[in-house]
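Per our numbering, residue 575 is the first one in the sequence shown, and the count goes up by one each step.
Working notes for the structure below.
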Amino acid sequence: MVNYWIIPYGAENFKSWFKEIGKVIQYDVVVCEKFEVRENDHSRDNSVVKTIAAIELCYPDVILQRNAGYKSDIPDDLLKKLGLWTFDKSHHQDVRAAARMGLFYAQRNDIEEVIIDIGKATIEGMAV
Numbered sequence: 575m576v577n578y579w580i581i582p583y584g585a586e587n588f589k590s591w592f593k594e595i596g597k598v599i600q601y602d603v604v605v606c607e608k609f610e611v612r613e614n615d616h617s618r619d620n621s622v623v624k625t626i627a628a629i630e631l632c633y634p635d636v637i638l639q640r641n642a643g644y645k646s647d648i649p650d651d652l653l654k655k656l657g658l659w660t661f662d663k664s665h666h667q668d669v670r671a672a673a674r675m676g677l678f679y680a681q682r683n684d685i686e687e688v689i690i691d692i693g694k695a696t697i698e699g700m701a702v
């Protein structure tokens with residue numbers, strides 16, 4: 575992870591962040607957790623759906639990735655070894671979940687550079 579931002583909740587806050595920062599960021603791929611609406615949940619909060627729609631508007635090539643299995647494929651110990659466990663500026667679990675999602679996407683899609691770096695960090699951690 576090169577950098578991260580803490581964006582206040584909601585679609586309008588995401589759009590504001592994008593106008594100020596997000597539109598100039600160079601990136602390889604944008605990965606967003608796929609949110610699956612339960613049709614029979616009448617009390618649901620649609621703000622997540624609206625935020626994802628805003629992300630798709632700003633990054634048309636965004637990949638919506640299901641998170642099924644991401645905690646078992648990218649365990650807590652791996653995040654700790656990679657230095658992706660504790661973060662300044664935020665509730666750790668939000669940034670940690672985003673880091674886990676990015677690594678999960680890379681692993682599931684055989685992004686060689688990321689997988690090699692994970693292997694190196696794991697081996698170096700074993701040598702300590």
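Just so it is clear, CB atoms sit at the ideal spot from N, CA and C, and this is done for glycine as well.
Small disclaimer: the values here were computed from a predicted structure and weren't measured.
(message) Can you look up Leu692 in the DSSP assignment and give me helix, strand or coil?
(response) As a working note, residue 692 is residue 118 in the sequence shown. According to the sequence displayed, residue 692 carries Ile and not Leu. In this structure, Ile692 counts as helix in the three-state DSSP scheme.
(message) Taking the alpha carbon of Tyr601 as the reference point, which residue from Asp619, Tyr578, Asp691 and Tyr583 has its own alpha carbon closest?
(response) As a position in the sequence shown, residue 601 is number 27, starting the count at 1. Cα-wise, what sits closest to Tyr601 is Tyr578.
(message) Does Val605 come out as helix, strand or coil in the three-state DSSP assignment?
(response) Sequence index remark: in the sequence shown, residue 605 carries index 31 (1-based). Residue state, collapsed to three classes: strand.
(message) Can you tell me where the alpha helix (DSSP H) holding Ile626 begins and where it ends?
(response) As a first step, residue 626 is located in the sequence shown; it is residue number 52 there, counting from the start. First-last of the alpha helix (DSSP H) with Ile626: Ser621 to Cys632.
(message) Once DSSP output is grouped into helix, strand and coil, what is the label at Gln639?
(response) By 1-based counting over the sequence shown, the position of residue 639 is 65. Strand, per DSSP.
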